[in-house]
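Some notes on the structure that comes next.
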Ligand SMILES: Cc1cc2nc3c(=O)[nH]c(=O)nc-3n(C[C@H](O)[C@H](O)[C@H](O)COP(=O)(O)O)c2cc1C
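In full-length UniProt numbering, the protein residues as written are 1 to 272.
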């Protein structure tokens, strides 16, 4: 199973077995964290593994009820450099990691907002120039069958609701479906698309005032995650592409980036 297939299988797990992973499994998680791709060369994204999940959990606060507070034996703290686009960059890298460690049979749940930098004291070293963006709760699932999504598990908006303008060519539908299945903060699915021939312009939906206050900037992380799913799908199809900035104004959504598709590469690329 490559990362592309896992887009269809991945789901959030909120009930973990509170038992540590084996040293071998933890090594593999570290290896995946070290190898996770970056969105921008000059924007660092770091993963700090907290093995003592119980201790960190005790310092977390819930956002709405217990949202933001998922109890797990281990966590990965996701940190990014203080530069524009840091949340998108963090989302892009963290989703590659989530899919990769899910592939190892390890359950995950992304969380955001329940932790502050001070909460990491004695558990992980956050560098001064890095910002805490999110955390990934991970470990063995309490119920093994719940590790992967059953058919029709994902509750997602239909594709027509996400396309602001343009037509989805059949040959590119998988790319949009991959984006649709992305996990998002409170499942808000903020990704929107404008399609012009071989160019897909990715947008972030503008929410109302109250929703915006609630979501803070977490839906910027979601956009990075959706972009990761699209890039994984594009590579899986053996297509070449480039990312560009071609800002377009839309009332209902904020422009993020343009993906220009360039036909098949000679050799089908690996999906990760
Ligand atoms: C940036 C981000 C933050 C999230 N924060 C939380 C959280 O704090 N608590 C939680 O239970 N789930 C959290 N989630 C998981 C989402 O609720 C979940 O992805 C969404 O409901 C879709 O479900 P699925 O991941 O099972 O497909 C978060 C997801 C993302 C992308």
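Idealized CB from N, CA, C, for every residue including glycine.
Does DSSP put residue i in a helix, in a strand, or in coil?
| i | result |
| --- | --- |
| residue 141 | strand |
| residue 1 | Bear in mind that the predicted position of residue 1 carries a pLDDT of just 49, short of 50, making it unreliable; the figure below should be weighed with that in mind. Of the three classes helix, strand and coil, the one that applies to residue 1 here is coil, per DSSP. |
| residue 70 | coil |
| residue 22 | coil |
| residue 110 | strand |
| residue 40 | coil |
Taking 6 Å as the line, does the beta carbon of residue i fall inside it for any heavy atom of ligand 1?
| i | result |
| --- | --- |
| residue 98 | no |
| residue 112 | yes |
| residue 11 | yes |
| residue 45 | no |
| residue 221 | yes |
| residue 53 | no |
| residue 42 | no |
| residue 70 | yes |
| residue 102 | no |
| residue 67 | yes |
Taking C-alpha atoms, which residue in the options lies nearest to residue i?
| i | options | result |
| --- | --- | --- |
| residue 158 | 143, 193 and 233 | 193 |
| residue 43 | 113, 56, 106 and 90 | 90 |
| residue 168 | 153, 200, 190 and 156 | 200 |
| residue 262 | 109, 242 and 247 | 242 |
| residue 140 | 75, 174, 178 and 127 | 75 |
| residue 13 | 220, 114, 73 and 174 | 73 |
| residue 165 | 107, 25, 185 and 252 | 252 |
| residue 283 | 205, 151, 8 and 175 | Given that the chain is displayed from residue 1 to residue 272, the structure contains no residue 283 and the question cannot be resolved. |
Provide the residue(s) that pair with residue i in DSSP beta bridges, ordered along the chain.
| i | result |
| --- | --- |
| residue 202 | 193 and 257 |
| residue 242 | 260 |
| residue 79 | 46 and 132 |
| residue 165 | 194 |
| residue 86 | Residue 86 is not bridged to any residue. |
| residue 176 | In the DSSP output, where bridge partners are listed per residue, residue 176 has none listed. |
Beta carbon of residue i: closer than 6 Å to some heavy atom of ligand 3?
| i | result |
| --- | --- |
| residue 183 | Annotation note on ligand 3: not contained in the displayed structure, which lists ligand 1 as its ligands. |
Below 8 Å, how does it come out for the region 92-100 and the region 51-63: are there three or more Cβ pairs, yes or no?
no
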